[in-house]
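Trainee: Have a look at this one before I ask anything.
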Amino acid sequence: MHMDGNSKRSGTEGELGVSAAEQYVSSVRQKTSRELRAERIILIGLLGFPFLGVLVGTRLLWTNGISALDAALLVSLYVFTGLGISVGFHRLFTHRSFNCPRWIRGVIAIAGSLAVEGPMIRWVADHRRHHQYSDRAGDPHSPRLGVAGAMDLVHAHVGWFFAHDMARASYFAKDLLDDPMIRRIDRLYLVWMFLTLAVPTLIGFACTGTARGAFSALIWGGLVRIFCVHHSTWLVNSVCHTVGSRPYRSNDGSTNNFLVALLTFGEGWHNNHHAFPGSARHGFRTWQIDVSWWVIRSLELMGAASDVRVPDTRQLARRKIQTKEAQ
Ligand SMILES: [Zn+2]
Ligand SMILES: [Zn+2]
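Going by this note's numbering, the sequence shown runs without a break in its numbering and finishes at 327.
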C-alpha cells in the first residue's frame, strides 16, 4: 500500500478549522500537583535504578567478567523490548503504518510495555503530540526551542518527563482508549514493570541454582538492559533533532543518524520518518539499516501483517531536498 508524505492519522490532524490556541488547549493539560509529586518519585526510580544497575554491572564486569547466560539475557531482552517500542509502540500503535492480527498486536504491546518507558497509551499520546507540534511550541521534547538553554539536549533526552503539562490521551489516543485489550495492557503497567525484572532474575536462578546467578541476571538482563533501551530510544528525541543529515523536507529539525539507527532498530532514520510519518519503513535506501522494517516485512511475507504503508518513488522524490549536501 502506498501513502503520501503529508498523510497523518487521527490525533495528528492540524486542519480541523480551530485556531492553534484552541487546539493546544484541547490537546494538552496541566498535571495536578499530586500527579507531579507521584511522577517525580516514579521517575527518580525509573531513571535511578537502571543507572545504579549500570554501576553495579561495571563493577561485576571488572571483577568477574560477564557470563554467557547474562550476555544472552542482555542481548535477547534488549532486542525483544526494543522492537516492542519500535515496531509496536511507534510504527504500529502511534502511526498505524501496518495492521496485524489481534494476538500479535497484544504480544507486541506487551513487548513494548516491558521496556518500561511509561504506560503505552501515554507513550503514544506523547509521540503523536511530538508529531503535531514538531520543533514548535507545544512539542514536549524538542531540543530546538531554547526551553532549557545550554541543557536543551538534556531536556529533549530526559528533562521533559518532569514537565508540568502532558498530552491528553482522550485527544491524541482515542483509538487506543476505545480498544479494551490495549486498555487492559496499559493498566497492567506495574505488572510489566515487575515482570521485566523478575523474568531474567528467575532465569538466572533456574540456570545457575545460586542467588549470585539470579542477582547478576537481574543486573544484566534487567537493569542494564532497561538502561540501554531507555537511552537509545531517547537518543531519537535528542540527537535525531540535532545531529545528522536532512535529505527530506519535513517542517522541523529532524535528522537521520546512522549510529542511532543501529541502536534503535532503524528509528534513527528520523528525518525520513518525519517526512513520511505513516510509513512502516524508515530506512529508504538499501544501506539504511532498518531492522524494524525487516521484521514488519517478514510478518507481511508470512501473512501476519497487512496494509503495510510505504511511500513510492514518486512520493519520495517530491519531498527530497535537492542539494548536494543532502544527498
Ligand atoms: Zn521527532
Ligand atoms: Zn513517529
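Using N, Cα and C, we set each Cβ at its ideal position, and we do this for glycine too.
Mind checking whether the beta-carbon of SER97 lies closer than 7 Å to any heavy atom of ligand 1?
Mentor: Because no heavy atom of ligand 1 lies under 7 Å away, the Cβ of SER97 does not count as near it: no.
Trainee: Compute the beta-carbon to beta-carbon distance between GLY253 and ASP135, rounded to the nearest angstrom, for a pair I have assumed lies under 8 Å.
Mentor: About 5 Å; that satisfies the 8 Å criterion.
Trainee: Could you tell me which residues DSSP pairs with MET166 in its beta bridges?
Mentor: Per DSSP, ARG29.
Trainee: Please say whether SER113 and TRP234 have beta carbons closer to each other than 8 Å?
Mentor: No.
Trainee: Mind pulling the alpha helix (DSSP H) runs of 4 or more residues that sit fully within the region 173 to 212?
Mentor: You should have 174 to 177, 180 to 187, 189 to 208.
Trainee: Leaving out five residues before and five after HIS270 in sequence, what residues of the same chain have Cβ atoms less than 8 Å from its Cβ?
Mentor: Hits under 8 Å: VAL236, CYS240, HIS241, GLY244, SER254, THR255, ASN256, ASN257, VAL260, HIS282.
Trainee: Give the C-beta separation of PRO119 and ILE226 to the nearest angstrom, bearing in mind that I take them to be a contact with Cβ-Cβ under 8 Å.
Mentor: That belief does not hold up - the Cβ atoms of PRO119 and ILE226 are roughly 16 Å apart, past 8 Å.
Trainee: Considering only residues of the same chain and omitting the five flanking positions on each side of ARG9, which have a CB-CB separation below 6 Å?
Mentor: Here ARG9 scores only 40 on pLDDT, less than 50, and its place in the model should not be relied on; the value that follows carries that caveat. Correct list, in chain order: ARG96.
Trainee: Kindly provide the ranges of any beta strand (DSSP E) runs that are 3 or more residues long and lie completely inside the region 233 to 275, ordered along the chain.
Mentor: Segments of the beta strand (DSSP E) lying fully in the region 233 to 275: there are none.
Trainee: For HIS231, which residues in the same chain have their Cβ closer than 8 Å to its Cβ, ignoring the five residues on either side in sequence?
Mentor: Taken in chain order, the residues that qualify are HIS157.
Trainee: Less than 8 Å between the C-beta atoms of GLY57 and TRP220, yes or no?
Mentor: Yes. Within cutoff.
Trainee: Beta carbon of HIS141: closer than 7 Å to some heavy atom of ligand 2?
Mentor: Because no heavy atom of ligand 2 lies under 7 Å away, the Cβ of HIS141 does not count as near it: no.
Trainee: Among the residues of its own chain, which have a CB less than 7 Å from the CB of PHE89, if the five just before and after it don't count?
Mentor: Here the set comprises GLY112, MET120, TRP123, VAL124.
Trainee: Give a single yes or no on whether PRO277 has its beta carbon closer than 7 Å to a heavy atom of ligand 2.
Mentor: Within the cutoff, so yes.
Trainee: Between the beta-carbon of VAL308 and the beta-carbon of ASP165, is there less than 8 Å?
Mentor: Their beta carbons are not under 8 Å apart, which means VAL308 does not touch ASP165 by this criterion.
Trainee: SER292 lies in the alpha helix (DSSP H); which residues open and close that run?
Mentor: 291 to 301 is the span of the alpha helix (DSSP H), which, as asked, contains SER292.
Trainee: If you check the beta carbons only, do TYR248 and SER26 fall under 8 Å apart?
Mentor: The answer is no: Cβ separation not under 8 Å.
Trainee: Do you know whose CA, among CYS100, GLN132, ILE104, lies nearest LYS20's CA?
Mentor: Rather than Lys, the amino acid found at residue 20 in this sequence is Ala. The option with the nearest alpha carbon to ALA20 is GLN132.
Trainee: Would you list the residues sitting across from ASN64 in a DSSP beta bridge?
Mentor: None, per the DSSP bridge assignment.
Trainee: Please name the residue in PRO311, VAL116, ILE66, ILE289 whose C-alpha comes closest to that of ASP186.
Mentor: It is VAL116.
Trainee: Let me check you understand the geometry: is the CB of HIS274 closer than 7 Å to at least one non-hydrogen atom of ligand 1?
Mentor: Yes, since a heavy atom of ligand 1 falls inside the 7 Å radius drawn around the Cβ of HIS274.
Trainee: Is HIS131 close to ligand 2? I mean its beta-carbon at under 7 Å from any heavy atom of the ligand.
Mentor: Checking the Cβ of HIS131 against ligand 2 gives yes.
Trainee: Helix, strand or coil for PRO119, going by three-state DSSP, please let me know.
Mentor: Looking at PRO119 - three-state DSSP - the assignment turns out to be coil, as it is neither helix nor strand.
Trainee: Give the DSSP-derived three-state secondary structure of VAL310 in the structure shown.
Mentor: In this structure, VAL310 counts as strand in the three-state DSSP scheme.
Trainee: Cβ of THR264 versus every heavy atom of ligand 2: is any distance shorter than 7 Å?
Mentor: THR264: no, Cβ never under 7 Å from ligand 2.
Trainee: For ASP178, count the other beta carbons within 10 Å of its own beta carbon; 16 or more makes it buried, fewer makes it exposed. Which is it?
Mentor: Flag for ASP178 reads exposed.
Trainee: If we count the other Cβ atoms within 10 Å of its Cβ and call it buried at 16 or more, is GLY209 buried or exposed?
Mentor: So GLY209 counts as exposed.
Trainee: What are the boundary residues of the alpha helix (DSSP H) that ILE104 is part of?
Mentor: Here the alpha helix (DSSP H) through ILE104 covers 102 to 113.
Trainee: Given this structure, state the Cα-to-Cα distance separating ILE296 from ASN272, to the nearest angstrom.
Mentor: About 17 Å.
Trainee: By Cβ distance, which residues of its chain are closer than 6 Å to ARG319, with the 5 residues on each side in sequence left out?
Mentor: Taken in chain order, the residues that qualify are GLY5, TYR248, ARG249, ALA275.
Trainee: Quick one: residues in its chain with C-beta nearer than 8 Å to the C-beta of ARG129, no 5 flanking neighbours on either side, listed in chain order?
Mentor: So the list reads SER27, VAL28, GLY138, ASP139, PRO140, ALA167, PHE172, once near-sequence residues are dropped.
Trainee: Exposed or buried, which one is ARG102 when buried takes at least 16 other CB atoms within 10 Å?
Mentor: By the 10 Å Cβ count, ARG102 comes out exposed.
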